[in-house]
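>
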Amino acid sequence: MLFLGKPFSLNNKMIADLQQSFNMIAKSVGFGGPLNFLPILRFFPQFKHAVPALKDAVNKVAEIHTHLINECQKSMCTKDSPSNLIEAFLLRVSKESSKHNYNIEQLNYLLYDVFIGSTSSTTSSLSWGLLYLAQYEDVQNTMRQELLEILQNKTVQMEDFENLHYTKAAIAEMMRIRTIAPLGIPHYASEDICVEGFTIPKGTMITPLLWAIHMDPKVYKDPEEFRPERFLDKDGRFCKSELLLPFLTGKRICVGEELAIIIMSVLVATVLQNFKIERSDCLDFDGHYGCTLKPKSQQIIFTKI
Ligand code: HEM
Numbered sequence: 000m001l002f003l004g005k006p007f008s009l010n011n012k013m014i015a016d017l018q019q020s021f022n023m024i025a026k027s028v029g030f031g032g033p034l035n036f037l038p039i040l041r042f043f044p045q046f047k048h049a050v051p052a053l054k055d056a057v058n059k060v061a062e063i064h065t066h067l068i069n070e071c072q073k074s075m076c077t078k079d080s081p082s083n084l085i086e087a088f089l090l091r092v093s094k095e096s097s098k099h100n101y102n103i104e105q106l107n108y109l110l111y112d113v114f115i116g117s118t119s120s121t122t123s124s125l126s127w128g129l130l131y132l133a134q135y136e137d138v139q140n141t142m143r144q145e146l147l148e149i150l151q152n153k154t155v156q157m158e159d160f161e162n163l164h165y166t167k168a169a170i171a172e173m174m175r176i177r178t179i180a181p182l183g184i185p186h187y188a189s190e191d192i193c194v195e196g197f198t199i200p201k202g203t204m205i206t207p208l209l210w211a212i213h214m215d216p217k218v219y220k221d222p223e224e225f226r227p228e229r230f231l232d233k234d235g236r237f238c239k240s241e242l243l244l245p246f247l248t249g250k251r252i253c254v255g256e257e258l259a260i261i262i263m264s265v266l267v268a269t270v271l272q273n274f275k276i277e278r279s280d281c282l283d284f285d286g287h288y289g290c291t292l293k294p295k296s297q298q299i300i301f302t303k304i
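Numbering of the sequence shown is given in numbering that gives the first Met the number 0, commencing with residue 0 and proceeding in unit increments.
(1) Is E228 closer than 9 angstroms to A168 when the C-beta atoms are compared?
(2) Return yes when the C-beta of A259 is under 8 angstroms from any heavy atom of the ligand HEM, and no when it is not.
(3) Would L9 be called buried (16 or more neighbouring beta carbons within 10 Å of its own) or exposed?
(4) When the Cα atoms are used, what is the spatial distance from D213 to E70?
(5) Does the ligand HEM have even one heavy atom less than 8 angstroms from the beta-carbon of H213?
(6) Looking at the structure shown, is H48 part of a helix, part of a strand, or coil, going by DSSP?
(7) For a test of the three-state rule: what should DSSP assign to M214, helix, strand or coil?
(8) Give every residue of the same chain whose Cβ lies closer than 7 angstroms to the Cβ of G235, excluding the five residues on either side of it in the sequence, and list them in chain order.
(9) Can you give me the start and stop residues for the beta strand (DSSP E) that E277 sits inside?
(10) Taking A52 and S27 to be in contact with their CB atoms under 8 angstroms, please state how far apart those CB atoms are, rounded to whole angstroms.
(11) Can you give me the C-alpha to C-alpha distance between T121 and K94, rounded to a whole angstrom?
(12) Straight-line CA distance for T65 to R91?
(13) Could you name the residues of the same chain whose beta carbon sits closer than 6 angstroms to that of V50, not counting the 5 residues immediately before and after it, in chain order?
(14) If you measure between the beta carbons of N107 and I170, is that distance less than 9 angstroms?
(15) According to DSSP, is Q298 part of a helix, a strand, or is it coil?
(16) Taking its Cβ as the centre, do 16 or more other Cβ atoms sit within 10 Å of I85, making it buried, or is it exposed?
(17) Assign F230 to one of three DSSP states: helix, strand, or coil.
(18) With three or more beta-carbon pairs closer than 8 angstroms as the criterion, would you say the segment 174 to 185 touches the segment 230 to 247?
(19) For I184 versus P207, is the C-beta spacing smaller than 9 angstroms?
(20) I think Y131 touches I176, with their Cβ atoms under 8 angstroms apart; what is that distance to the nearest whole Å?
(21) I need the DSSP call for V194, collapsed to helix, strand or coil.
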């Protein structure tokens, strides 16, 4: 795992427990689930179990974080410099705790932010991307052709993306067509604001409807069509759009934006260099909504090239 400075096997019990608890948290919370909007629903039978289940999962994750932090505290005694995020934080705590009020509780929440923020979002986006590539063979072939021309048979590196315009456009289109946080993350108005004549009082919960932008036919013609060309200029070069906001915008924009794009691009490019992706049956693009919008479980076929 990237943030712990070492890889873990998929069979590792701690990682399996962590994943199970995150899945439970994702199921119980939902970025914009009804409980977010109407907390009173927690007294109704179908929602009654959501909060205790969520608390159990949060406690389980906190237990695992404490274990990881203790392990890093022990291993740090023998090191001069940090080799992962936890160690870097602990080093700061030991040097500057009085100056910045850093403490272990903050580290626990930092790990929540980073683990939850990075896992479900990136895997959901990747799953949607692979599903669309299975459906749109022409896009897949154009991407593979570009990869072949630019890289020949070399493994893709980060610096190659400067020249992989169609591939970058396809990644952008994956994030537009199935925005994994269609309702963004709720924020509060920190002061009274006026938008187009409407007053939004301080303290109002604001839900940014990313879906409404990404699927607006006035902004993106035929929004349900998967067309990477939307993000290419007349010379075939990738052009970023101000109206593509999968990571939201402003001060609280996703801190993992660059990392997420690198992970998605490298993984998708590597898969296409090695496999042809096909659908075995009709694909379902409706998805279901928990912490993120995920595709329903379905099969696609990977054939080695
Ligand atoms: C395709 C992948 C990803 C998508 C679509 C995505 C999307 C988002 C969105 C929409 C937000 C809410 C921003 C806001 O509240 O205004 C967010 C926040 C956040 N993301 Fe991501 N994210 C992705 C990957 C990652 C990765 C890889 C990391 C790991 C470093 C990460 C860490 C975070 C954190 C820590 C926050 C909270 C930031 C804050 O509240 O200040 N995300 N992300």
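A virtual CB, placed ideally from N, CA and C, is assigned to each residue, including glycine.
Note that the coordinates shown come from a computational prediction; the quantities given were computed from them, not determined experimentally.
Quick look at the numbers:
(1) In contact: A168 and E228 (Cβ atoms closer than 9 angstroms).
(2) At a cut-off of 8 angstroms, the beta-carbon of A259 counts as near the ligand HEM: some heavy atom of the ligand is closer than that.
(3) Around the beta carbon of L9, a 10 Å sphere encloses fewer than 16 other beta carbons of the protein chains shown; the residue is thus reported as exposed.
(4) Before going further, note that residue 213 is His rather than Asp in the sequence given. Near 44 angstroms, if we compare the C-alpha coordinates of E70 and H213.
(5) Because no heavy atom of the ligand HEM lies under 8 angstroms away, the Cβ of H213 does not count as near it: no.
(6) H48 falls in the coil class under three-state DSSP.
(7) Here M214 carries a coil assignment [DSSP, helix/strand/coil].
(8) Excluding positions up to five away in sequence, the list reads H164.
(9) In the DSSP assignment, E277 falls within the unbroken beta strand (DSSP E) covering F274 to R278.
(10) Correct: roughly 5 angstroms between the Cβ atoms.
(11) Distance between the alpha carbons of T121 and K94: 34 angstroms.
(12) Roughly 17 angstroms separates the two Cα atoms.
(13) R41, listed in sequence order.
(14) Cβ atoms of N107 and I170: not closer than 9 angstroms.
(15) The answer is coil: DSSP assigns Q298 none of H, G, I, E or B.
(16) By the C-beta density criterion, I85 is buried, having at least 16 other C-beta atoms within 10 angstroms.
(17) In this structure, DSSP gives F230 a helical state, which the three-state scheme calls helix.
(18) When C-beta atoms of the segment 174 to 185 are compared with those of the segment 230 to 247, three or more pairs fall below 8 angstroms, so the two segments count as touching.
(19) Yes, the Cβ-Cβ distance between I184 and P207 is below 9 angstroms.
(20) Between I176 and Y131 the Cβ distance is about 7 angstroms, and since that is below 8 angstroms, they are a contact.
(21) Strand, per DSSP.
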